[in-house]
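Residue numbers (my numbering): 1 to 313.
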């Protein structure tokens, strides 16, 4: 459905305040004293920022959270030595300043190689059931080790090659023994990185304080108009629904067909013709920091995104 040019600006404004919030568990409570939540797992209590739903957390029974495991995952996430040429870490494509994306049109890997998609935000993965733009990873643990053997991203030929390299890095053997009571394994790497990623949370946004906290001054009058459009005429909530502003489903928006190489998206996982060109609905949390937008990073601004839909996209 079309919206006016003025409305497009208001809608973009609303989208920005939907996603601008706190990205640290310590910021969980809102200024008005609205209670934050907790997720308890493995004797560890994870603070959930205001506006998020603790009951929607996805934590496998075989990978409970522990403080030591989270810290090991943090170390692995930021370690460039866990790439073939010591130049790429998970954090190279998932930076806090860009809402745990990389601010690029498409991501870069070892030797400066370009990937085919924009880096998805690795925040609020605690609530996500499938991972990657095409949902090829059924768990966060699986996602956490996938890039290591991608020839463009981290570049290892196989997991054995990476484990062998890790065994030569001082400290990792001791840490894995401490956390898992075993030698270094890729399963352990996946569990540790996934545990750390589950602590990267964004909530307590102006929209949360306005909508759930009752603070009428939390967002501007223009953003309030945009929020009405977002929910009604513009129908954004058909896909960007719920507390995390995503339906966790896959949709074909009709983009990507004007390039030299067509990305078939979800179809490459399911082989279902109905999934050709379909990609996962991203969260709108921290959307003001995660430009450019869409799976191929084609839109530089939120206004560009809104205008795309305004034209019938």
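Where is the CB? At the ideal position from N, CA and C, for every residue including glycine.
Other residues of its chain near residue 129: CB distance less than 7 angstroms, five sequence neighbours each side excluded: Working through the chain shown from its first residue, we reach residue 129 at position 129. Once the five neighbours on either side are set aside, the close Cβ partners of residue 129 are 58, 248.
Tell me which same chain residues have a C-beta within less than 7 angstroms of the C-beta of residue 45, skipping the five on either side of it? Residue mapping note: residue 45 aligns to position 45 of the chain shown, counting from 1. The residues are 38.
Best match in 60, 85, 101 for proximity to residue 92 [C-alpha to C-alpha]: Residue mapping note: residue 92 aligns to position 92 of the chain shown, counting from 1. Comparing Cα positions, the closest option is 101.
Pick helix, strand or coil for residue 154, following the three-state DSSP scheme. For this step, residue 154 is matched to residue 154 along the chain shown. Three-state DSSP puts residue 154 in coil, outside helix and strand.
With DSSP as the reference, identify every bridge partner of residue 48, one or two as the case may be. The residue you call residue 48 lines up with position 48 of the chain shown. In the DSSP output, where bridge partners are listed per residue, residue 48 has 37.
Are the Cβ atoms of residue 230 and residue 219 separated by less than 8 angstroms? Start at 1 with the first residue of the chain shown, and residue 230 comes out as number 230. Start at 1 with the first residue of the chain shown, and residue 219 comes out as number 219. No, Cβ-Cβ distance for residue 230 and residue 219 is not below 8 angstroms.
DSSP state of residue 131 mapped onto helix, strand, coil: Translated into the one-based positions of the chain shown, residue 131 becomes position 131. Residue 131 falls in the strand class under three-state DSSP.
Count Cβ pairs between the region 98–115 and the region 145–160 that sit closer than 8 angstroms; are there 3 or more? yes
Burial state of residue 189 (16 or more Cβ within 10 Å): Here residue 189 refers to the residue found at position 189 of the chain shown. Label assigned to residue 189: buried.
How long is the line joining the alpha carbons of residue 354 and residue 308, rounded to whole angstroms? The structure shown does not extend to residue 354, since the chain spans only 1 to 313, so no value can be given for it.
Cβ of residue 195 within 8 angstroms of Cβ of residue 65? As a working mapping, residue 195 is identified with position 195 in the chain shown. As a working mapping, residue 65 is identified with position 65 in the chain shown. Their beta carbons are under 8 angstroms apart, which means residue 195 touches residue 65 by this criterion.
Please state whether DSSP places residue 397 in a helix, a strand or coil. Any property of residue 397 remains undetermined from this structure, which presents the chain solely from 1 to 313.
My assumption, with CB atoms under 8 angstroms, is that residue 52 sits in contact with residue 201. Please give the rounded CB distance. Residue 52 sits at position 52 when you count from the first residue of the chain shown. Residue 201 sits at position 201 when you count from the first residue of the chain shown. Confirmed, Cβ separation roughly 7 angstroms.
Can you tell me which of the three DSSP states residue 280 falls into? Position 280 of the chain shown, counted from the first residue, corresponds to residue 280. DSSP places residue 280 in strand when its eight states are reduced to three.
From the DSSP output, which residues share a beta bridge with residue 237? What you label residue 237 is simply residue 237 of the chain shown in a count that begins at 1. Bridge partners of residue 237: none, in fact.
Quick one: grab the DSSP three-state call for residue 345. The requested residue 345 is not part of the displayed model; the chain covers only 1 to 313.
In this structure, does DSSP put residue 335 in helix, strand or coil? This structure leaves residue 335 out entirely; the chain is present only between 1 and 313.
Across which residues does DSSP place residue 137 in a beta bridge pair? Taking the chain shown and counting its residues from 1, one reaches residue 137 at position 137. Its beta-bridge partners are 131.
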